[in-house]
Amino acid sequence: MPSTEIRLLLAQIDWAYDRQSWHGTNLRGSVRGVNATQASRRPRPGRHNIRELVVHAAYWKYAVWRRMTGGARGSFPLKGSNWFACGDEPDERAWRDEVALLDRMHEQLRSAVAVLPAKDLSKTPKGSKVNTLTILSGIIAHDLYHAGQIQLIKRLTS
Amino acid sequence: MTLAEVTTLLDYHYWARDRLLDAVETLTPEQLTRDMGSSFRSVRDTLVHLCQVEWIWHARWNGTSPAAPLQEHLPERFTDAASIRRLWSEHERAVRAFVEKLGEAGLSRTIDYRNMAGQPGRSAYWQMLQHLVNHASYHRGQVTTMVRQLGGTPAKSMDLIAFYRERERT
Chain C
27 MPSTEIRLLL
37 AQIDWAYDRQ
47 SWHGTNLRGS
57 VRGVNATQAS
67 RRPRPGRHNI
77 RELVVHAAYW
87 KYAVWRRMTG
97 GARGSFPLKG
107 SNWFACGDEP
117 DERAWRDEVA
127 LLDRMHEQLR
137 SAVAVLPAKD
147 LSKTPKGSKV
157 NTLTILSGII
167 AHDLYHAGQI
177 QLIKRLTS
Chain G
192 MTLAEVTTLL
202 DYHYWARDRL
212 LDAVETLTPE
222 QLTRDMGSSF
232 RSVRDTLVHL
242 CQVEWIWHAR
252 WNGTSPAAPL
262 QEHLPERFTD
272 AASIRRLWSE
282 HERAVRAFVE
292 KLGEAGLSRT
302 IDYRNMAGQP
312 GRSAYWQMLQ
322 HLVNHASYHR
332 GQVTTMVRQL
342 GGTPAKSMDL
352 IAFYRERERT
């Protein structure tokens with residue numbers, strides 16, 4: 027049974043990702059019902075589409091997980107870091123895979139948080155300048171920031 | 192959640208607000224108010240919504256549950272980013288003063304209130320403060336996208352990690 031601190035943190039991680047929350051649509055909710063055509067549209071040429079935002083969010087969940095657990099560098103399923111170019115051509119299979127990647131990276135991170143001893147929240151992981159609680163607060167904000175963007179991009183491109 | 196952690200979150204929240212407003216200040220009045228189809232239509236309306244939310248929560252903490260925003264907080268009253276910044280800075284002072292007075296022990300206290308639709312709610316102070324910050328993150332993403340759509344220069348990174356890095360440097 028996770029400690030109270032970890033349970034509260036997990037609740038915030040869940041609200042930002044896939045549990046009903048106060049702050050509006052969460053990240054997973056923002057892509058629910060979105061098809062490959064919608065996900066591939068760009069609000070302006072050169073701007074990110076929803077597919078790219080989804081893979082970017084997946085990457086940072088992976089990066090935080092790696093920081094927390096000391097996982098091997100380069101173990102993200104896609105080559106590169108931060109932003110990944112996704113095509114403009116609607117591709118339902120690729121889009122499904124991208125959303126599945128986001129779910130997988132989220133679950134991987136969430137599972138790591140669930141087994142974290144509360145005392146480790148104040149520890150600074152190797153290679154990091156801030157403690158684990160700070161890193162996790164950052165990823166919650168990151169999910170919400172991009173959830174808001176995706177909601178707007180859907181309107182702008184519809 | 193400790194008082195130090197809540198205070199740091201608020202520091203981040205207002206730091207990100209300032210970065211966002213710096214970017215918004217470069218927009219013309221027409222760009223600021225242009226209907227972009229967002230949930231709060233324009234850059235101005237979204238920013239004013241965030242101001243209104245802080246006022247509403249602060250009112251609830253003081254025992255009043257508003258059913259509507261104040262007339263002077265309606266978006267039409269704001270014609271430029273500077274006027275939004277002025278109001279938001281007033282709210283910041285009120286929120287910070289309240290949290291300071293609340294203290295560490297007060298953060299876990301719960302209060303009863305009614306939402307704008309009149310439905311009852313009960314929350315702990317730390318949850319409401321956390322919500323305030325998370326809610327703003329959601330809308331900052333939208334404002335950044337709108338600024339880009341309008342051809343403006345988006346704000347410098349508003350990631351939490353950028354805040355900590357900058358704080359470390361100064």
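Same order as they appear, the protein sequences are chains C and G.
According to my numbering, the stretch in the first sequence is residues 27 to 184, in order.
According to my numbering, the stretch in the second sequence is residues 192 to 361, in order.
Ideal placement from N, C-alpha and C gives every residue a C-beta, glycine not left out.
Remember, it's a predicted structure, so these values are computed and weren't measured experimentally.
> What is the C-beta distance between residue 286 (chain G) and residue 245 (chain G), in whole angstroms, given that I count them as a contact (C-beta under 8 Å)?
Replying inline: 6 Å
> Under a three-way DSSP split, which group does residue 97 (chain C) fall into?
Replying inline: The three-state secondary structure of residue 97 (chain C), taken from DSSP, is coil.
> Name the chain G residues whose beta carbon is nearer than 8 Å to that of residue 38 (chain C)?
Replying inline: 321 and 325
> What separation, rounded to the nearest whole angstrom, lies between the Cα atoms of residue 281 (chain G) and residue 275 (chain G)?
Replying inline: For the pair residue 281 (chain G) and residue 275 (chain G), the Cα-to-Cα distance works out to about 10 Å.
> In this structure, does DSSP put residue 106 (chain C) in helix, strand or coil?
Replying inline: coil
> What does residue 164 (chain C) reach in chain G if we use C-beta pairs closer than 7 Å?
Replying inline: For residue 164 (chain C), the residues of chain G that pass the 7 Å Cβ criterion are 350, 351 and 352, in the order they occur in the chain.
>> Relative to the C-alpha of residue 256 (chain G), which candidate in G:342, G:312, G:351 and G:227 has its C-alpha closest?
In response: G:312
> Helix, strand or coil: how does DSSP classify residue 148 (chain C) here?
Replying inline: helix
> Excluding the five sequence neighbours on either side, which residues of its own chain have a C-beta within less than 8 Å of the C-beta of residue 344 (chain G), listed in chain order?
Replying inline: 214, 217 and 338
> residue 228 (chain G) touches chain C at which residues, Cβ-Cβ below 9 Å?
Replying inline: 178, 181, 182 and 184
> Taking the alpha helix (DSSP H) that residue 122 (chain C) falls in, what are its first and last residues?
Replying inline: Segment 118-140, the alpha helix (DSSP H) holding residue 122 (chain C).
> residue 266 (chain G) by DSSP, collapsed to three states: which one?
Replying inline: helix
> Does DSSP put residue 311 (chain G) in a helix, in a strand, or in coil?
Replying inline: strand
> Three or more C-beta pairs closer than 8 Å, one from the region 33-40 of chain C and one from the region 151-169 of chain C: is that the case here?
Replying inline: yes
> Counting only beta-carbon atoms, is residue 156 (chain C) nearer than 8 Å to chain G?
Replying inline: yes
>> Counting only beta-carbon separations shorter than 8 Å, does residue 170 (chain C) have a partner in chain G?
In response: Chain G contact via Cβ: present.
> Which residues does DSSP pair with residue 229 (chain G) in a beta bridge?
Replying inline: DSSP links residue 229 (chain G) through a beta bridge to G:232.
> Among C:61, C:95 and C:66, which residue has its Cα nearest to the Cα of residue 149 (chain C)?
Replying inline: C:95
> Does the Cβ-Cβ distance between residue 341 (chain G) and residue 272 (chain G) come in under 8 Å?
Replying inline: no
> Within the 8 Å Cβ cut-off, does residue 333 (chain G) reach chain C?
Replying inline: So yes, residue 333 (chain G) belongs to the interface.
> Does the separation of the CB atoms of residue 65 (chain C) and residue 121 (chain C) fall below 8 Å?
Replying inline: Residue 121 (chain C) is positioned such that its CB atom lies closer than 8 Å to that of residue 65 (chain C).
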